[in-house]
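Colleague: In UniProt numbering, the protein residues as written are 1 to 109.
For every residue, glycine included, the Cβ atom is placed at its ideal position computed from N, Cα and C.
Have a look at this one before I ask anything.
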C-alpha cells in the first residue's frame, strides 16, 4: 500500500524532486530484489530488514536535494532517487549511488 503518491503522475525514470523525496520514501514499505525490505519514517528514521535481522539508520535530504542515508557507526551514502512507474502508476523507487554508480530498485509492497 502506498500513501500520498497515488495523485502523482511522474514518468518512469524521472528524478524525484527534492520537495517530493520525503513523500516518496515514506509512501510504504519497499521490497528489494534480494528479498530485503525497508521502511522510512517521516521523522528521518529507517529500518532495514534482512534475513530476520533489523538494522536502524537515518535518512535525509541534503542541501543539494539528494537523498542520503546513514547507518551507524559510520556508513553514509547519497543517491539520485528516481520514480519507477508501470502502467501510469508509481510502483517503486530507483536508488543510484552517487559514489559507486550502482543502482537498485525498491518496489512498494
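What whole-angstrom Cβ distance do residue 25 and residue 98 have, given they're in contact under 8 Å?
Modeller: As a position in the chain shown, residue 25 is number 25, starting the count at 1. As a position in the chain shown, residue 98 is number 98, starting the count at 1. At roughly 16 Å, the Cβ-Cβ gap does not stay under 8 Å, so residue 25 and residue 98 are not in contact.
Colleague: Are the stretch 83 to 91 and the stretch 49 to 60 in contact at 8 Å, needing three or more beta carbon pairs?
Modeller: Because the criterion of three Cβ pairs below 8 Å is not met, the stretch 83 to 91 and the stretch 49 to 60 do not touch.
Colleague: Please confirm whether residue 28 and residue 104 have their CB atoms less than 8 Å apart.
Modeller: Mapped onto the chain shown, residue 28 falls at position 28. Mapped onto the chain shown, residue 104 falls at position 104. Going by C-beta atoms, residue 28 is not nearer than 8 Å to residue 104.
Colleague: Closest to residue 73 by CA distance: which of 58, 37, 108, 36 is it?
Modeller: Against the chain shown, residue 73 aligns to sequence position 73. Taking only the C-alpha atoms, the option nearest residue 73 is 58.
Colleague: For a test of the three-state rule: what should DSSP assign to residue 102, helix, strand or coil?
Modeller: Taking the chain shown and counting its residues from 1, one reaches residue 102 at position 102. In the structure shown, residue 102 sits in coil (DSSP, three-state: anything other than H, G, I, E or B).
Colleague: Taking just the CA atoms, how far does residue 30 sit from residue 8?
Modeller: Against the chain shown, residue 8 aligns to sequence position 8. Against the chain shown, residue 30 aligns to sequence position 30. Rounded to whole angstroms, residue 8 to residue 30 spans 18 Å at the Cα level.
Colleague: Whose C-alpha, out of 82, 109, 14, 19, is nearest the C-alpha of residue 63?
Modeller: The residue you call residue 63 lines up with position 63 of the chain shown. It is 19.
Colleague: What's the C-alpha gap between residue 16 and residue 81?
Modeller: On the chain shown, residue 16 is found 16 positions in, with the first residue counted as 1. On the chain shown, residue 81 is found 81 positions in, with the first residue counted as 1. When rounded, the distance between both Cα atoms is 6 Å.
Colleague: Are the beta-carbon atoms of residue 12 and residue 61 separated by less than 8 Å?
Modeller: Your numbering for residue 12 matches position 12 in the chain shown. Your numbering for residue 61 matches position 61 in the chain shown. Contact flag unset, no.
Colleague: Quick check on DSSP: helix, strand or coil for residue 23?
Modeller: Numbered from its first residue, the chain shown carries residue 23 at position 23. Looking at residue 23 - three-state DSSP - the assignment turns out to be helix.
Colleague: On the DSSP bridge assignment, give the partners of residue 81 in chain order.
Modeller: For this step, residue 81 is matched to residue 81 along the chain shown. 95.
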